[in-house]
Amino acid sequence: MSRDTHDTEAVAEFDVCGPLPSGTTVLEASAGTGKTFTIAALAARYVAEGYAELHELMLVTFGRAATQELRERVRERLVSAERGLGDPSYARTADDELLGLLADGTDDEVAIRRKRLTTALGDFDAATIATTHGFCQQMLTGLGVAGDYAPDATFVESVDDVVAEVVVDLYLRKWGRPDAGEPMMTYAEMLALVRTAVDDRHARLLPTDAEAEPAAERYRLAVAARAEVEARKSQRRLRDYDDLLTQLRDAMTDPDRGEAARQRVRERYRVVMVDEFQDTDPVQWQILRLAFHGHTTLVLIGDPKQAIYAFRGGDVATYLSASQQAATHQTLGRNWRSDPALLGGLAAAFGGAALGHPDIVVRPVAAAWHGRRLVGAPGEAPVRLRVATRSSLGVRGKTTPAVGRVRDVVAADLAADIVRLLDSRAAVSLGGGEHVVAPGDVAVLVHTNKHALVVRDALTASGVPAVLTGAVNVFSTAMAREWLVLLQALEQPHRGTRLRAAALGRFVGWDARRLAVAGDAALDELGPLLRGWADVLARRGVPALLEAVTTAGALIERLIATPDGERQLTDLRHLAQVLHAAAVDETLGTSALVEWLNRRIADSDRDQSEERSRRLESDAGAVQVVTVHRSKGLEFPVVYVPFGWDRYVRAPDHPRFHPEDGVRSLDVGGKTAPDFDGHCQQHVAEEAGENLRVLYVALTRAQCQVIAWWAPSRNTPTSAMHRLLFGDARSGEQPPPKVDLPGDDDALRDRLQQLVTRADGTVTIEEISPGPATRWQPPAAEPATLAVAGFDRSLDLAWRRTSYSALTAGIHGSAEGSPGVASEPEDNQIDDEPAAGFAANQTPDDRPAAEPDDASLRAMPSPMTQLPGGTGFGLVVHEVLETVDTAAADLPAELVERSRAVLSRRFGLSYDAAALGAALLPALTTPLGRLAGGLSLADIAPADRLAEMKFELPLAGGDDPVDAAATVSAVADPLRSHLPPTDPFASYADLLSGPGIEHRQLRGYLVGSLDAVLRL
């Protein structure tokens, strides 16, 4: 995207049907250009074209949800390609370019490609599609001792508890003695210092050369705290996910074993593809570089314009360094998300600007779609910029209004604009169909949780349903504080202050008037109630407490009656689950639980874990209010960006920046440290660049239309929106970190008109004019025609789940079960043995005598002849054969010992186990025949033997019968066709077609189990 010319170096466009990437390749994927599609297509090509088998591919991405999506997309691509190649002539003319490429060749070549895809699908579970940390865990497990991996370590998402403990100990050790003197920092300052150092453990700490205090002391404390946290984690066998990265990196760089470790990792994979590579960090890249760069195919897919996770350790400088080392750098040039007019409007707005670095440039992309998919909206332009002038805000000249007031005005204008959009009955065409724009088609993207709450409140006041999608930590909510008040009261129910605080809380539900007029008698009645709840918590835990509270005080009814009752109820249950998990996992009593919750509330601004994100109360037909960081990877028909003008970067206490050597560094020395001011300026400059990228992510989520705001305030000059619009940055240049506001409203209008002219009708400027609030009235639903449900289905009385024994009952000597609809058989009812025989109260002398009826059998006495028969003893034989260790050094002794254990456990008697063991030995040592290559059961190790593998097979089509007339006698025909008359089972066909059984229908499912499945 550029205004007139693009001064940056052109980058070749990648063609997914072109030559397969080899060596190290960087694919820059701008927003909406289909990187997941590209990864799946490349995976299919590498497999189909024989470059690698599926288990030789490794696909890495960030986050469990993204991993699951990538796994599904890869499998879908393999399935569609495999099916398409089943008809090569169709595949060659299909719209699917990849399918056409794979079908190009002779029929034999296409058949080979299809066979490779079929094999890959059959072995799909062996594919390595994982998060970065999941990949590291797999590699460490495979390295064994060389990886120094502790499989029994406990994984935790956060080590904040350990950090707090270390800070207390270090602080007291340093300044806790009477003669220690005045502390150089408060406990809170030291906690902030150590947390920053530990959270960004891979950053280089500065100033290493400080000599004067307190900078030198602050540096030493940060270094000591890092080391002590690691030591305590090791002692307690605690690991967090970053430890996996560090351990694998250390294994690969070990002077003695590193080369062997690198070789073992790289020889497993021929192709490695890494998604979202712009969010990598130096350790992750070091692992990839050591293992794969220069040795195998390594494809790095990412978009530096969407690198917005520096606060989580994402390091865009690492991406840029890797790009310079890559042999090939290409881009994905087609946008599959946004309408062409919208792309044109965004191109005019960004003007090819560099977003924080000269190599991070907004490049031109082509639209895959044609025309406009949103019709009838109040504002037709795909990019609408709503402007709050000074006059509209009630100020004159160069005066700037208060930021809080401007936020309220913008939020109210946003709500009014959404109401106008919903009232317009505009239509949007997506997914092959057209529908009227509804709240669920709209998203509002904000930068902070505070902004999200302002928007949610404005929409609620206008009658527009809205939900906060992962924007707020549940511990920062009012319900978290309600839980804390309740738990504090349950901890000390005798204290009057806590009793009164609980009475005013949501759980008890008194109002201030009732508490004011309540006498001691009323409070005395409340005490036993809280003590009862405290007893429930102590004895039965948080779930029982929640049940007791909701039952006794009509809590749910009172919450639902409030305007945000659904939201409050969701938070209530979410917090109960989290509290229960903490109490169980960490064995917390009431007092410890109070302290745990208190810490979580205090740290709620820092905790970014998924489990702590506020859950949706409902997402049905509601506007999504999402933070920009949460919206990454999502798309919406209509996107609102109300606060792009509201961003101020303060000078940090601990600046994080990249000096000339490119190593991410963290200055912990404080204001007296050498060049601290310069480091703060670098930090602010890098933050300003990331703010531009955050704005890029926000604006590019839209499919059809984006509406943004500009407003004058003290925060506006350093905001991304203002710098982009008024910074006069040429193509390929970075906007200045700060741009003065236009002198007056006329100057503002003149500057914005230049954008309108440049955009050629794709951008409009709309001045807001505050007016009376409007409310949205959802269209009345058409009344449904009610009728009594009628049962007009016909039941298939022959359909059933059955075992083979039940299906052939009568030909094996047992009675046939009742016909018609039968109950589903339990596993222990699916038996292959006749019911008569050895019972628990029998002795060996009571066993029935064998009655062989065949002369040949009498001539060759079976070793089992003198053993009991029947179901009971048959189960004993089964269990011994299932559990015997055929790899034992002394197989006869192993059989006797196993027989003795099973007989004793099943019947409580010590039958002659030696006789049973001796009888079973020939069964184990007899060759299995030609198919087994002369092997016997004794030759097959337990690891290659699967006992009692259950199956459930459709009979004649299962749920969708293909032959309603199929009967048991139909099984007899193939037996007669394929078995010679001399075969021992030849006569079995006559039994299956004999009287009383030949007409039994095959309908439903055949269930049972295979005695043994052997791997030869």
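For the sequence shown, this note's numbering begins at 1114 and goes up steadily by one.
In this text, a Cβ means the ideal position worked out from N, Cα and C, and glycines have one as well.
Treat the numbers as computed from the prediction; the structure is a model and nothing was measured.
So the beta strand (DSSP E) residue i belongs to, where does it begin and stop?
i, result
"Ser1542", "1540-1543"
"Trp1823", "1815-1823"
"Thr1410", "1410-1415"
Is the distance from the Cβ of residue i to the Cβ of residue j below 8 Å?
i, j, result
"Trp1889", "Asp1536", "yes"
"Asp1388", "Ile1421", "no"
"Ile1878", "Leu1865", "yes"
"Ala2085", "Ala2102", "yes"
"Gly1136", "Thr1410", "yes"
"Pro1976", "Ala2014", "no"
"Val1307", "Val1269", "no"
"Val1649", "Leu1642", "no"
"Asp1355", "Arg1402", "no"
"Arg1503", "Pro1134", "no"
"Leu2066", "Leu2123", "no"
"Trp1758", "His1835", "yes"
"Glu1846", "Ala1404", "no"
"Val1396", "Leu1433", "no"
"Gly1546", "Gly1802", "no"
"Val1993", "Arg2011", "yes"
Assuming residue i is part of the alpha helix (DSSP H), what are its boundary residues?
i, result
"Val1429", "1429-1438"
"Ile1878", "No alpha helix (DSSP H) holds Ile1878; the beta strand (DSSP E) holding it covers 1876-1880."
"Arg1251", "At residue 1251 the sequence reads Gln, which differs from the Arg that was named. Its alpha helix (DSSP H) spans residues 1245-1256."
"Lys1784", "No alpha helix (DSSP H) contains Lys1784, which DSSP labels as neither H nor E."
"Glu2061", "Counting along the chain, Glu2061 falls outside any alpha helix (DSSP H), though it belongs to the beta strand (DSSP E) covering 2058-2068."
"Thr1703", "1703-1715"
"Leu2033", "2026-2038"
"Asp1238", "Where Asp1238 is concerned, there is no enclosing alpha helix (DSSP H), given that its DSSP letter is neither H nor E."
"Glu1065", "Not covered by the structure: residue 1065. The range shown for the chain is 1114 to 2129."
"Arg1984", "Here residue 1984 turns out to be Thr, not Arg, going by the sequence shown. It spans 1984-1996 - the alpha helix (DSSP H) in which Thr1984 sits, taken as one unbroken run."
Exposed or buried, what is residue i when buried is set at 16 or more other beta-carbons lying within 10 Å of its beta-carbon?
i, result
"Arg1499", "buried"
"Cys1130", "exposed"
"His1796", "buried"
"Asp1265", "exposed"
"Met2062", "exposed"
"Asp1959", "Interpretation of Asp1959 is limited by its pLDDT of 45, a score under 50 that renders its predicted location unreliable; the figure taken from the coordinates is listed afterwards. Looking at its Cβ environment, which holds fewer than 16 other Cβ atoms inside 10 Å, Asp1959 is exposed."
"Gln1181", "exposed"
"Thr1431", "buried"
"Glu1939", "Because the pLDDT of Glu1939 is 43, which lies under 50, any placement of that residue in the model is unreliable, and the number read from its coordinates should be weighed accordingly. It is exposed - the Cβ of Glu1939 has fewer than 16 other Cβ atoms within 10 Å."
"Pro1855", "buried"
"Arg1676", "The identity of residue 1676 in the sequence shown is Pro, whereas the question assumes Arg. Per the 10 Å Cβ criterion, exposed."
"Ser1936", "Because Ser1936 carries a pLDDT of 37, less than 50, the predicted location of this residue cannot be relied on, and no value is offered for it."
"Pro1606", "buried"
"Asp1117", "With a pLDDT of only 39 at Asp1117, under 50, the local geometry of the prediction cannot be trusted, and no value is derived from it."
"Phe2064", "exposed"
"Ser2090", "exposed"
"Val1807", "buried"
"Thr1267", "exposed"
"Arg1450", "buried"
Residue ranges of each alpha helix (DSSP H) run of no fewer than 4 residues wholly in the segment 1432-1514, ordered along the chain?
-> Runs of the alpha helix (DSSP H) lying entirely within the segment 1432-1514 and spanning at least 4 residues, in chain order: 1453-1463.
The segment 1740-1751 in contact with the segment 1810-1826 per 3-pair CB rule at 8 Å | With a cut-off of 8 Å, the segment 1810-1826 and the segment 1740-1751 count as touching, because enough Cβ pairs lie within range.
Hey, is the segment 1535-1549 in contact with the segment 1481-1488, meaning 3+ C-beta pairs nearer than 8 Å?
-> Short answer: they touch.
Touch test, the segment 1544-1553 against the segment 1895-1907, Cβ-Cβ under 8 Å, three pairs minimum | By the Cβ criterion, the segment 1544-1553 is not in contact with the segment 1895-1907, since fewer than three pairs of Cβ atoms, one from each stretch, lie closer than 8 Å.
Return the chain-ordered ranges of every alpha helix (DSSP H) run that is complete within the segment 1156-1209 and spans a minimum of 4 residues.
-> Runs found: 1177-1197, 1201-1206.
Meets three-Cβ-pair contact criterion under 8 Å: the segment 1587-1607 and the segment 1697-1707 = A contact exists between the segment 1587-1607 and the segment 1697-1707.
Go through the segment 1310-1343 residue by residue and report every complete run of the beta strand (DSSP E) that reaches 3 residues or more, in order.
-> Taking only runs of at least 3 residues, the beta strand (DSSP E) segments lying wholly in the segment 1310-1343 are 1317-1319.
contact_flag[the segment 1437-1446, the segment 1779-1788] where n(CB pairs < 8 Å) is 3 or more = They do not touch, by the three-pair rule.
Is the number of C-beta pairs between the segment 1145-1161 and the segment 1364-1379 that are closer than 8 Å three or more?
-> As far as the Cβ criterion goes, the segment 1145-1161 does not touch the segment 1364-1379, which means the pair count is below three.
Identify every run of the alpha helix (DSSP H) within the segment 1604-1667, keeping only runs that are complete inside it and at least 4 residues long; order them along the chain.
-> Counting only runs of 4 or more, we get 1609-1617, 1625-1630, 1633-1653, 1655-1666.
Along the chain, which unbroken stretches of the beta strand (DSSP E) at least 3 residues long are found entirely within the segment 1526-1577?
-> Listed in chain order, the complete beta strand (DSSP E) runs (minimum 3 residues) inside the segment 1526-1577 are 1540-1543, 1546-1549, 1555-1559.
Between the segment 1474-1484 and the segment 1508-1527, do at least 3 Cβ pairs fall closer than 8 Å?
-> Contact fails between the segment 1474-1484 and the segment 1508-1527, because fewer than three Cβ pairs, one in each stretch, are under 8 Å apart.
Would you check if the segment 1740-1747 and the segment 1575-1591 touch, i.e. whether three or more CB-CB distances between them fall below 8 Å?
-> A contact exists between the segment 1575-1591 and the segment 1740-1747.
Spell out a yes or no on whether the segment 1240-1252 and the segment 1222-1230 are touching, meaning 3 or more CB-CB pairs, one atom from each, closer than 8 Å.
-> Fewer than three Cβ pairs drawn from the segment 1240-1252 and the segment 1222-1230 lie within less than 8 Å of each other, which leaves the two stretches out of contact.
Stretch-stretch touch, CB-based, cutoff 8 Å, three pairs: the segment 1183-1200 with the segment 1161-1175 = The answer is yes - the segment 1161-1175 touches the segment 1183-1200, with three or more Cβ pairs under 8 Å.
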